[in-house]
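Participant: For the sequence shown, the numbering used here begins at 35 and goes up steadily by one.
Attaching a single structure in structure tokens format; questions to follow.
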Amino acid sequence: MKTIEIHPCGPIHGTIRPPGSKSITNRALVCAALAEGTSTLTGALDSDDTRVMVQGLHRLGLEVLDDPRQSVIQVAGCAGRPPAKGAEIDAANSGTTIRFLTAVATLGQGRFRLDGSPRMRQRPIGDLLAALGQLGADAVSEAGNRCPPVVIQANGLPGGKAVVAGDISSQFLSALLMAAPCAASPVELAVVGELVSQPYVEMTLAVMNSFGVSVRREGLSRFLVSGQESYQCRQYTIEPDASAASYFFAAAAVTGGTVTVEGLSRSSLQGDVAFCDCLAKMGCDVSYGDGTITVIGHRLHGIEIDMNAVSDTVQTLGAVALFAEGSTTITNVGHIRHKETDRLAALAIELRKLGAKVEERADGLTIVPDALNGAEIDTYDDHRMAMSMALVGLASKGVVIRDPDCTAKTYPRFFQDLESLVRGQTQ
């Protein structure tokens, strides 16, 4: 297996602009696909997750022209009616793709089957299928285990009222919201249980609004979408990925350096910019400019923090916690056990390899730093394990990352960009 060793570098001082947001790119692709007319997405991410979304839209009969060198994607919308009369769609390891396109496929006509990687076949989708069933769709788990593959006998989405669980993944609700304007009648969605990763639902609503669809709602518990609405084509600019930016902010924290990320601000669509608040609580200075965020690393101390709203950055904070004085406790993130891997279990294992004492609970971790040592880090085919654990090597010897190419899921050039930042080359 390919490996890469990360070498300690001293304080990092530099500026970087990460690639476009995966979460926004895939939401914008769906809204553009369902719109009337042709949309142009600029600043779009080119990664495994966005490629399988584009390929999935192709399989649904959409015309999508992708120019990764220019970070531009053109989408000829279908006005809410996918043209293909049935399709087989491979979502690989992309949760957004299989969940969003499951809802989109119900708007079409014919038999659609969506499948993915072995890990995808273990990831839950039953709550989404149940909600689609309440709206009149015929969408089932092929194996009957509430996981993919999914089989849909599509004849349009009738609409109506549905209850959707919020405690496993906010992607279920986002998928329903994006498909709802194209239903035959109004759609009312009620969320039961605690809605995890709430900023991602706000992001979905903001992208929908940009494409001309507004949603009436009561907080994040009840949503009303008028049926037979039309998304409108437009030119849409995608901001840099805030989850990816978290690694560079954390690099400043663990090395005692200064890193500025361009293209993000306090008012970003992405909730993960709030990761900087976590770093501020640990002792970093954070400043927000007009389209920039700067983190200055200082002496770090442990904290106790609820990371439900920024759960994609749990592993990043786990790496930073190794360099803090005192323990760090992360709570209310039990849902990340259902991601590309069981992220709590995997993070605990790898932090222990590096010398930390880790208490694992159902919904979080307590990390107690100890004498750090080098280790060969397993990444579990999880891009975020590779990127977050690489940060440890910036300030501790002997850290080797196994299967670094797994970062292609969302950030193919991560290690090249990290090296450039370490060398002080402005991106």
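Just so you know, even glycine gets a beta-carbon here, dropped at the ideal spot from N, CA and C.
Alpha carbon to alpha carbon, how far is A429 from L162? Give it in angstroms, no decimals.
Facilitator: Looking at the two C-alpha atoms, the distance is approximately 43 angstroms.
Participant: If you count every other CB in all the chains shown that lies within 10 Å of the CB of L191, and 16 or more means buried, which is it?
Facilitator: Per the 10 Å Cβ criterion, buried.
Participant: I need the boundaries of the beta strand (DSSP E) containing K195, first residue and last residue.
Facilitator: Taken as a continuous stretch (DSSP letters only), the beta strand (DSSP E) holding K195 covers G194 to A199.
Participant: Would you identify the three-state DSSP class for Q143, choosing helix, strand or coil?
Facilitator: Correct three-state label for Q143: strand.
Participant: Could you pull the start and end residues of the alpha helix (DSSP H) that S151 belongs to?
Facilitator: Per DSSP, S151 belongs to no alpha helix (DSSP H) and is neither H nor E.
Participant: Looking at K391: is its Cβ nearer than 8 angstroms to the Cβ of V402?
Facilitator: Yes, the Cβ-Cβ distance between K391 and V402 is below 8 angstroms.
Participant: Measure the Cβ-Cβ separation of T72 and V109 and say whether it is below 8 angstroms.
Facilitator: Yes, the Cβ-Cβ distance between T72 and V109 is below 8 angstroms.
Participant: So, at 7 angstroms on beta carbons, what are the nonlocal neighbours of F448 in its own chain, with the 5 sequence-adjacent residues on each side left out?
Facilitator: Excluding residues within five positions, the ones whose Cβ falls inside 7 angstroms are M421 and T441.
Participant: Mind checking whether G317 and H332 have CB atoms under 8 angstroms apart?
Facilitator: Yes; because the gap between Cβ atoms is below 8 angstroms, this pair is in contact.
Participant: Grouping DSSP H, G and I as helix and E and B as strand, with all else coil, what is T444?
Facilitator: T444 falls in the coil class under three-state DSSP.
Participant: May I ask you to report which of helix, strand or coil DSSP gives H369?
Facilitator: Reduced to three states, the DSSP call for H369 is helix.
Participant: Would you mind giving the Cβ-Cβ distance between S277 and T347, rounded to the nearest angstrom? I have them listed as a contact below 8 angstroms.
Facilitator: Confirmed, about 6 angstroms.
Participant: For my contact list, F134 and N60 are in at a C-beta cut-off of 8 angstroms; report their separation, rounded to the angstrom.
Facilitator: That belief holds up - the Cβ atoms of F134 and N60 are roughly 7 angstroms apart, short of 8 angstroms.
Participant: Around the Cβ of G90, are there at least 16 other Cβ atoms within 10 angstroms (buried) or fewer (exposed)?
Facilitator: G90 is buried by the Cβ-count criterion.
Participant: With a CB to CB cut of under 6 angstroms and the five nearest residues on each side skipped, what residues in its chain are close to G95?
Facilitator: Correct list, in chain order: P116, P117 and A118.
Participant: Could you check whether L334 and A287 sit closer than 8 angstroms to each other, using their CB atoms as the reference points?
Facilitator: Yes; because the gap between Cβ atoms is below 8 angstroms, this pair is in contact.
Participant: Tell me the rounded alpha-carbon separation between A173 and M212.
Facilitator: When rounded, the distance between both Cα atoms is 17 angstroms.
Participant: Would you mind sorting Q104 into buried or exposed? The rule is 16 or more other CB atoms within 10 Å of its CB.
Facilitator: Exposed is the call here.
Participant: With DSSP run on the structure shown, which of helix, strand or coil describes Y281?
Facilitator: Residue state, collapsed to three classes: helix.
Participant: Per DSSP, what kind of secondary structure is G398 in: helix, strand or coil?
Facilitator: The answer is strand: DSSP assigns G398 an E or B state.
Participant: Going residue by residue through the region 217–275, where are the continuous alpha helix (DSSP H) segments of at least 4 residues, counting only ones entirely within it?
Facilitator: DSSP runs (the alpha helix (DSSP H)) wholly in the region 217–275: 232–244.
Participant: Using the rule of at least 16 other Cβ atoms within 10 Å of the residue's Cβ for burial, across every protein chain shown, is S128 buried or exposed?
Facilitator: The residue in question, S128, is buried, as its Cβ has 16 or more Cβ neighbours within 10 Å.
Participant: Measuring only the C-alpha atoms, how far is S175 from D324?
Facilitator: Whole-angstrom Cα-Cα distance: 47 angstroms.
Participant: Out of T49, K36 and M35, which one is the CA nearest neighbour of Y281?
Facilitator: Of the listed residues, the one whose Cα sits closest to Y281 is T49.
Participant: With a CB to CB cut of under 6 angstroms and the five nearest residues on each side skipped, what residues in its chain are close to L381?
Facilitator: Closer than 6 angstroms at Cβ, skipping near neighbours: Q349 and G352.
Participant: What residue from I364, I123 and T74 has the CA that sits closest to P102's CA?
Facilitator: When each option's Cα is compared against that of P102, the closest is T74.
Participant: Starting from the Cα of F357, find the closest Cα among G290, S264 and K36 and give me that residue.
Facilitator: Comparing Cα-Cα distances from F357 to each of G290, S264 and K36, the minimum goes to G290.
Participant: Given this structure, state the Cα-to-Cα distance separating V464 from A409, to the nearest angstrom.
Facilitator: The structure shown does not extend to residue 464, since the chain spans only 35 to 461, so no value can be given for it.
Participant: Quick one: residues in its chain with C-beta nearer than 6 angstroms to the C-beta of L63, no 5 flanking neighbours on either side, listed in chain order?
Facilitator: Contacts found: M87.
Participant: Residues in its own chain within less than 8 angstroms of P53 by CB, not counting five upstream and five downstream?
Facilitator: Same-chain partners within the cutoff: L79, D80, S81, S105, P274, D275, A278, Y445 and R447.
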